[in-house]
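K.L.:
First, the structure itself, so that you have it in front of you.
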Amino acid sequence: MQSFSDIAKGSGERVSSLRFAGLGHDGLNSQNSQQVEFYEQYYKLAGLSSLLISSKLADPPDHTPHMQDLLKFCQSDYERSMLIRMERHILKILEWSMRRATVYDFVQLMTAMEGHDEAVQHMATYLGVLSLPYRTFVETKPSVMARSCLTVAGFVLNRAGEHLVLCDPLDCWIFSIFCNASKPANEAVFQKYTVARFSDVSQKLEASRDQQCPLLQSQKKLEEN
Numbered sequence: 007m008q009s010f011s012d013i014a015k016g017s018g019e020r021v022s023s024l025r026f027a028g029l030g031h032d033g034l035n036s037q038n039s040q041q042v043e044f045y046e047q048y049y050k051l052a053g054l055s056s057l058l059i060s061s062k063l064a065d066p067p068d069h070t071p072h073m074q075d076l077l078k079f080c081q082s083d084y085e086r087s088m089l090i091r092m093e094r095h096i097l098k099i100l101e102w103s104m105r106r107a108t109v110y111d112f113v114q115l116m117t118a119m120e121g122h123d124e125a126v127q128h129m130a131t132y133l134g135v136l137s138l139p140y141r142t143f144v145e146t147k148p149s150v151m152a153r154s155c156l157t158v159a160g161f162v163l164n165r166a167g168e169h170l171v172l173c174d175p176l177d178c179w180i181f182s183i184f185c186n187a188s189k190p191a192n193e194a195v196f197q198k199y200t201v202a203r204f205s206d207v208s209q210k211l212e213a214s215r216d217q218q219c220p221l222l223q224s225q226k227k228l229e230e231n
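Note that this note's numbering gives residue 50 to position 44 of the sequence shown, counting from 1, and the numbers run on in steps of one.
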């Protein structure tokens, strides 16, 4: 059976949908932690239902998948009524509270308030997307994650010259994970952010690794001493 991440990749849904789909996914994980039985065979159904809810909420009408398309994607593993029931179940778990500010909302807000340029915003968004699979992303408040993504984005793009150092543990975590050449980014995400409308940030991040990593290592040595 496919995992939730496999479903997300195969569905072709945009990141805007996946942000909100994570809420339903996290809600079900929370339910599991409360020892409420949730059968494995319905996990894919839960992922698809979360994508459907999020698409209705975040995407234009012409980008919202039809229910029959999702059922075809399931290879007829489920019936239409099951998808509807799971959708209601997820909404009940979330108490219909889905309009939460995301990391990307805070990145946009902070960019506008602080006057960051477009490349910094795109780099911060890219770092946020790369952080999605990690527990740290889920456990960190969106506003805090956005602040760190913007800080690291400015550091990578050398917007503050030599005056900016990474002192916050979250800043250092983001930099060490995604600026480490031994841990390449997901290829699909990398290619998406290799275009001009996203300021070619994936290539810029890759190009900055050799230059920036020695600086971070030197900084860590100073902190240890």
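Built from N, CA and C at the ideal position, the CB exists for glycine as well.
Could you spell out the range, first to last residue, of the alpha helix (DSSP H) harbouring E101?
P.N.:
Careful: E101 lies outside any alpha helix (DSSP H) and carries neither H nor E.
K.L.:
Does the beta-carbon of V42 have 16 or more other beta-carbons within 10 angstroms, so that it is buried, or is it exposed?
P.N.:
Because the pLDDT of V42 is 42, which lies under 50, any placement of that residue in the model is unreliable, and the number read from its coordinates should be weighed accordingly. When all chains shown are included, V42 counts as exposed.
K.L.:
Near Q217, which residues of its chain fall below 8 Å by C-beta distance, leaving aside the five closest residues on each side in sequence?
P.N.:
Excluding sequence neighbours, Q217 sits near nothing in its chain.
K.L.:
Helix or strand or just coil, what does DSSP make of A213?
P.N.:
Helix, per DSSP.
K.L.:
So the alpha helix (DSSP H) H1 belongs to, where does it begin and stop?
P.N.:
With the chain covering 7 to 231 only, the question about residue 1 has no answer from this structure.
K.L.:
Could you check whether L163 and A125 sit closer than 8 Å to each other, using their CB atoms as the reference points?
P.N.:
Their beta carbons are under 8 Å apart, which means A125 touches L163 by this criterion.
K.L.:
Quick one: Cα of P139 to Cα of H95, how far?
P.N.:
Answer to the nearest angstrom: the Cα atoms are 24 Å apart.
K.L.:
Out of V135, S214, F143, which has the shortest C-alpha to C-alpha gap to E193?
P.N.:
If we check each option's Cα against that of E193, V135 comes out closest.
K.L.:
Do you know how far the Cα of Y49 is from the Cα of S9?
P.N.:
Only weak support exists for where S9 lies, its pLDDT of 39 falling under 50; the value from the coordinates is given anyway. Straight-line Cα distance between these residues: approximately 8 Å.
K.L.:
Does DSSP classify L51 as helix, strand or coil?
P.N.:
Correct three-state label for L51: helix.
K.L.:
Quick check: what's the CA-CA separation for P175 versus M116?
P.N.:
So the alpha carbons of these two residues sit roughly 20 Å apart.
K.L.:
Tell me which same chain residues have a C-beta within less than 8 Å of the C-beta of D206, skipping the five on either side of it?
P.N.:
Within the same chain, D206 has close Cβ partners Y199, T200.
K.L.:
Applying the criterion that 16 or more other CB atoms from any shown protein chain within 10 Å of the CB defines a buried residue, is S61 buried or exposed?
P.N.:
Label assigned to S61: buried.
K.L.:
Where does Q81 fall in DSSP's three states?
P.N.:
Here Q81 sits in coil by DSSP.
K.L.:
Straight-line CA distance for D177 to K210?
P.N.:
So the two alpha carbons sit approximately 18 Å from each other.
K.L.:
G121 to M151, Cα distance in whole Å?
P.N.:
Distance between the alpha carbons of G121 and M151: 18 Å.
K.L.:
Can the beta-carbon of L100 be found less than 8 Å from the beta-carbon of L89?
P.N.:
Contact: no.
K.L.:
Work out the CA separation of I183 and A130 for me, nearest whole Å.
P.N.:
Each residue's Cα considered, the two are about 14 Å apart.
K.L.:
Taking DSSP as the reference, what is the three-state secondary structure of H72?
P.N.:
Here H72 sits in coil by DSSP.
K.L.:
If we ignore side chains and look at the alpha-carbon of each, how far apart do T142 and L97 end up?
P.N.:
Spanning the two alpha carbons is a distance of roughly 25 Å.
K.L.:
Pull up the CB-CB distance for R215 and C185, whole angstroms please, since I reckon it's below 8 Å.
P.N.:
Between C185 and R215 the Cβ distance is about 5 Å, and since that is below 8 Å, they are a contact.
K.L.:
When the Cα of T70 is compared with those of K78, F79, A166, I59, which residue comes out closest?
P.N.:
When only C-alpha atoms are compared, the closest one is I59.
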